[in-house]
Each structure stands twice: as C-alpha cells, then as structure tokens.
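Enquirer: The structure that follows is given in the form of structure tokens.
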C-alpha cells in the first residue's frame, strides 16, 4: 500500500516502529503472575482480545504464551454456559465507564473457538463453537452479548462482529479438521 500512497520512503520507519511496539508488548504485556498476556501494561487483568494474538500472526499458535493465554481466558473469563466475557467488569478491577454488568460477548466466544482451532485443539474448538451457535435466534442472527443469568440476548442486535467471528471460527475449524 505504501507505493499506492506514495509513501514507500516511510516503510523502513514504519517497520522499525512496529518492531518497537512488538518488543514492548512482549516485554510489558505478559504477566508471569497470571501466566497470560494482559489487558494493559503493568496490569494483571485478563482480556479476551488477547485471543487474537495467534489469529493475526503476532505469535505462532504453538508459542507457550499463546497457549497459556488461551487457557487463562477459557478458565477465568467464561460464564456458567462456557461463553466468554471480554473482561471482568464486575470484579472491581476494571472500570470501563459503563453502568452495571455486561453479558458474555459472543464475538469473544467465537475468538476462543478460532484460537483453539488454529492451535490444534479441534475438539475443544468445536465444543466452544457449538455452544456459541446455540444462541442464534430463530432466523440465525446473533446479538452482541448473552445475559449471564437467563441466557437472553443483550446489546446490539443483530451484531455484525458476532457474525464475523462465527464465520472466521467456522472457517478455522473446518480448515483444522481437513488438515488434522
């Protein structure tokens, strides 16, 4: 794209900056205490967005830090139905500025299924995926969140991010099954 933008002369600087950011994330974004990547530097709050690390190629899917982060998110950010919260706002450790608690985010559940698939944990990926797709309405549409108490849809409806996560997770699982 740099050529199309007439910015080919800036590529070296951009790459150097990207490498500095990467180094800082690897140095300051990991917590030995929780054995996971964190929501922010100097914090021990889990965030399901870290499931994107292997999906975008930041680290390979077999990196021990990736696998530990996936395990931490699956164990500590799941609700009683196995759906995934983005982070725990009700723990008192994360004030996101929104009143009240939130439900689990379907997109995060699909991220988990996707990450599990690319890491070779196909059976677990399928189980998470099958659980999440059970929350589609009668015409197959998803909301943004699922209420932790009654399992009802919450938030924006229909939610494009949930549907994008569904498609990406389904594709990753199918590719892992074919390869496996």
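Numbering (this note's numbering), first residue to last: 15 to 194.
Positions of the beta carbon are idealized from the N, C-alpha and C atoms, including for glycine.
Note that the structure is predicted; figures quoted are calculated from it, not measured.
Buried or exposed: where does residue 68 fall if 16 or more other Cβ atoms within 10 Å of its Cβ makes it buried?
Expert: Residue 68 comes out buried.
Enquirer: Thinking C-beta only, is residue 188 closer than 8 Å to residue 160?
Expert: Cβ atoms of residue 160 and residue 188: not closer than 8 Å.
Enquirer: Using only CA atoms, which one of 89, 193, 61 and 140 lies nearest to residue 101?
Expert: Of 89, 193, 61 and 140, the residue nearest in Cα terms is 61.
Enquirer: Can you look up residue 175 in the DSSP assignment and give me helix, strand or coil?
Expert: Of the three classes helix, strand and coil, the one that applies to residue 175 here is helix, per DSSP.
Enquirer: Just confirm the distance between the C-beta atoms of residue 97 and residue 145, as a whole number of angstroms; I'd bet it's less than 8 Å.
Expert: So it is a contact: roughly 7 Å between Cβ atoms.
Enquirer: On the three-state DSSP scale, how would you describe residue 105?
Expert: Its pLDDT being 45, under 50, residue 105 is placed unreliably by the model, and nothing is read from it.
Enquirer: Is it buried or exposed, residue 163, if we count other Cβ atoms within 10 angstroms and call 16 or more buried?
Expert: The residue in question, residue 163, is exposed, as its Cβ has fewer than 16 Cβ neighbours within 10 Å.
Enquirer: Judging by CA-CA distance, which residue of 27, 86 and 178 is the nearest neighbour of residue 121?
Expert: Comparing Cα-Cα distances from residue 121 to each of 27, 86 and 178, the minimum goes to 178.
Enquirer: Given residue 169, which residues of its chain have a CB within under 6 Å of its CB, disregarding the five upstream and five downstream residues?
Expert: Excluding residues within five positions, the ones whose Cβ falls inside 6 Å are 157, 158 and 159.
Enquirer: Looking at C-beta atoms only, is the number of pairs between the segment 48–63 and the segment 73–88 that lie closer than 8 Å three or more?
Expert: Because the criterion of three Cβ pairs below 8 Å is met, the segment 48–63 and the segment 73–88 touch.
Enquirer: For residue 139 versus residue 150, is the C-beta spacing smaller than 8 Å?
Expert: Not in contact: residue 139 and residue 150 (Cβ atoms no closer than 8 Å).
Enquirer: Could you work out which residue in 141, 83 and 185 is closest to residue 95 when comparing CA atoms only?
Expert: Checking every option, the nearest Cα to that of residue 95 belongs to 141.
Enquirer: Can you tell me where the alpha helix (DSSP H) holding residue 116 begins and where it ends?
Expert: Where residue 116 is concerned, there is no enclosing alpha helix (DSSP H), given that its DSSP letter is neither H nor E.
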